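Residue numbering for the sequence shown follows our numbering, beginning at 4 and increasing consecutively.
Reading through the structure tokens given below for one structure.
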Amino acid sequence: LMIFLRETLSGVTLPRGKPWLIMPIRPKTFPTNFPLEDTLYLNLGVYLKNVGVDAGASGGFGKTKLVDSLAFKYKGAKMLYSSTFATEKEYNERFNGKAYDQIKTKYDNTGVFKTVFEKCFNNVY
């Protein structure tokens, strides 16, 4: 956890006086499509407008993509309520795409509704 924090905090600098939210979490349930284990996680958040946006490469979302990549590098999880970037292949590997496909086929076999990937991932590369 400390290596993850060190890499993240050195890669993303917040405006002076603006806080990171760092909350320890140990999950009690393990949903089928979410890659959680019985271990301690850190909910690391920044709730500031445009803090993940930068003027550089990566479509302007370099900071967000850095935090995402570090979370997965250290076997963390990504909540899907913020800007999220991945290829469909990466999504399926990280979020148990096989189990999701079975559920999607069972309840929406004609494809009327978008997939979670289509709803949640910005994919600005």
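The beta carbon of each residue, even a glycine, is placed where N, CA and C say it ideally should be.
Nothing here was measured: the structure is a model prediction, and the numbers come from that model.
Item	Value
Assigned secondary structure, Arg9 (DSSP; H/G/I helix, E/B strand, else coil)	helix
The beta strand (DSSP E) enclosing Asn46, as first and last residue numbers	44 to 48
Residues bridged to Met26 [DSSP beta-bridge criterion]	Asn46
Beta-carbon proximity of Phe88 to Lys68, cut-off 9 Å	yes
Length of the line joining the Cα atoms of Lys66 and Thr90	17 Å
Inter-residue Cα distance where the pair is Pro22 and Leu43	22 Å
Start and end residues, alpha helix (DSSP H) containing Ser72	65 to 76
Segment limits, alpha helix (DSSP H) that includes Glu40	Counting along the chain, Glu40 falls outside any alpha helix (DSSP H), and DSSP gives it neither H nor E.
Distance between Gly114 and Arg9 (C-alpha atoms, nearest Å)	43 Å
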